[in-house]
Amino acid sequence: MKLPRIALCLALIPALAQSAPLSKEHKILFFGKDDRVLEKPERAPWRSVGQLETRSRTICTGTLVAPDVVLTAGHCFVDEKGRFDPATSFTVGLWGDEYTALSRIKEVQVDKAFLKGLIRKRDGLYIPPRIAPRDFAFVRLATPLGNSQGTVPVFSGDAQALKTLLSRQNWTITQGGYPVDDQRHLRAHHGCKATALRGDGRLTHRCDTLEGNSGSPIFIIDAKGQATIVAVQSSAPPAARRKLEDNMSVSAPVFQKALQAFIAKSAKK
12 MKLPRIALCL ALIPALAQSA PLSKEHKILF FGKDDRVLEK PERAPWRSVG QLETRSRTIC
72 TGTLVAPDVV LTAGHCFVDE KGRFDPATSF TVGLWGDEYT ALSRIKEVQV DKAFLKGLIR
132 KRDGLYIPPR IAPRDFAFVR LATPLGNSQG TVPVFSGDAQ ALKTLLSRQN WTITQGGYPV
192 DDQRHLRAHH GCKATALRGD GRLTHRCDTL EGNSGSPIFI IDAKGQATIV AVQSSAPPAA
252 RRKLEDNMSV SAPVFQKALQ AFIAKSAKK
């Protein structure tokens, strides 16, 4: 993801057969050094975090938040020409060439205002700031993997309540997903810092993320080890602007009501 001053340009990542080496630009995107660690997806909340793949073989990260519902980022389902790129599969427990379970996709819901507000230019697809807080999506699975893998609760309070919670946690968060340099293993950054909750609902942070982490969960983990999703990863600035800008996620108060409506629709079927 690239974040120029005016708009965010989509840089979607195709699935790779092997890990990709870190480029100089990737290394600059880390906050001083790479603080990510391998996290085997066999315990909560990591067993609920998986990898989404689209028809064009773009990969993103998502999290089970209901037995058959995955939370992720909206831009994961738009190709470079601005066309809708539906998800085809969601895989949990991915570790090298092995995985725990896989489901095909029944439905993807991306915010309509987000899709309508995208700007198409010759050099790519841009997300103007006015719609950037709408960069979230919900995916319905054909197989309810959450029944076996578990689900992660999503913060249900408003923005002020989230600020209070972040303050109580000293603005310490955890992020994890399947990044471009190692698409076969889950990597997490524990104890990274959220830096601001913007008025438009976006949460800035300094967790080490790369492409492929789009849609990954931003957790607050309490003293008992219980995780709650407080945001989903959206974007990072270009390497040239790393010292000026933090990474960007969309906080739970922005999408919580829409998510609950999507989950409830599933329950009625």
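Position one of the sequence shown corresponds to residue 12 (our numbering), numbered consecutively onward. Quick reminder that beta carbons are idealized off the backbone N, C-alpha and C, glycines included. All values reported here derive from a predicted model rather than from experimental measurement.
Selection from the options that minimises the alpha carbon distance to residue i
i: K235; options: A77, L49, P56; result: P56
i: A77; options: L136, T162, R145; result: T162
i: L208; options: W182, L221, I231; result: W182
i: A148; options: K204, G157, F88; result: F88
i: T111; options: I274, G43, S59, E256; result: S59
i: V150; options: T69, L63, V241, L113; result: L63
i: K299; options: E50, G93, Q180, D146; result: Since the first residue shown for the chain is 12 and the last is 280, residue 299 is missing from the structure and cannot be characterised.
Residue i vs residue j beta-carbon contact at 9 Å
i: Q186; j: P228; result: yes
i: D46; j: S67; result: no
i: I138; j: L129; result: yes
i: V243; j: T74; result: yes
i: P264; j: L173; result: yes
i: V81; j: F101; result: yes
i: R198; j: V48; result: yes
i: F41; j: H86; result: no
i: L105; j: G61; result: yes
i: Q160; j: I70; result: no
i: T154; j: R115; result: yes
Presumed contact (8 Å Cβ cut-off) between residue i and residue j, rounded CB distance
i: T239; j: F166; result: 5 Å
i: D196; j: T206; result: Checking the sequence, you will find His at residue 196 rather than Asp. Actually they are not in contact, since the Cβ atoms of H196 and T206 sit about 27 Å apart, beyond 8 Å.
i: A98; j: V119; result: 5 Å
i: G157; j: D79; result: 7 Å
As assigned by DSSP and simplified to three states, the class of residue i
i: Q271; result: helix
i: W182; result: coil
i: T175; result: helix
i: K123; result: helix
i: L27; result: Only weak support is given to the placement of L27: the predicted model assigns it a pLDDT of 44, under 50, and the question is left unresolved by the model.
i: Q62; result: strand
i: S100; result: strand
i: K13; result: Here K13 scores only 29 on pLDDT, less than 50, and its place in the model is too uncertain to base an answer on.
i: C87; result: helix
Neighbourhood of residue i by C-beta, 7 Å cutoff - its chain only, sequence neighbours within 5 removed
i: G212; result: P144, A170, V261, S262, P264, V265
i: K276; result: none
Same chain, Cβ closer than 6 Å to residue i, five either side skipped, listed in chain order
i: N258; result: H216, T220, A247
Same chain only: Cβ atoms within 8 Å of residue i, ignoring 5 sequence neighbours per side
i: Q267; result: V165, F166, S167
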